[in-house]
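Colleague: There's a structure below that I have some questions on.
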């Protein structure tokens with residue numbers, strides 16, 4: 178298993194362990210559902226309401242290095258939480274919101 182596959186597995190375990198709905202997007206999703214293309218990072222979207230954002234950060238911090246110095250502020254401003262696996266794979270965890278689901 179390569180570093181990218183390990184990062185995807187670690188992300189899935191971290192999110193599923195805490196029953197956080199997620200979806201892989203970007204190049205990783207393209208490998209499965211579209212035209213394969215080279216990708217060096219992982220992109221995922223998660224469905225987490227604002228009161229649970231601190232818990233999301235803590236869950237991810239157990240498995241990954243959280244990149245922003247002030248992750249909660251960064252998440253509030255950008256709706257993205259960049260993290261890094263032990264092998265150095267960058268993972269962008271992006272928020273989605275219930276009202277955006279239709």
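Numbering (my numbering), first residue to last: 178 to 279.
By construction, the Cβ of each residue, glycine as well, lies at the ideal position given by its N, Cα and C atoms.
1. Given 6 Å as the limit, tell me if residue 194 has its C-beta closer than that to any heavy atom belonging to the ligand GDP.
2. By the DSSP assignment, the beta strand (DSSP E) with residue 202 in it spans what residues?
3. Can you tell me which of the three DSSP states residue 245 falls into?
4. Can you tell me the Cβ-Cβ gap for residue 225 and residue 205, rounded? I've got them flagged as a contact below 8 Å.
5. With DSSP collapsed to three states, give me the class of residue 185.
6. Alpha carbon to alpha carbon, what distance is there between residue 179 and residue 249?
7. With a threshold of 6 Å on Cβ separation, who are the neighbours of residue 259 within its own chain once the five nearest residues in sequence on each side are excluded?
8. Considering only residues of the stretch 221-266, which uninterrupted beta strand (DSSP E) runs meet the minimum length of 3 residues and lie entirely inside it, listed in chain order?
Modeller: In short:
1. Although the ligand GDP was asked about, the structure shown includes no ligands whatsoever.
2. 199-202
3. coil
4. No, residue 225 and residue 205 are not in contact; Cβ-Cβ is about 20 Å, not under 8 Å.
5. helix
6. 30 Å
7. 244 and 269
8. 257-261
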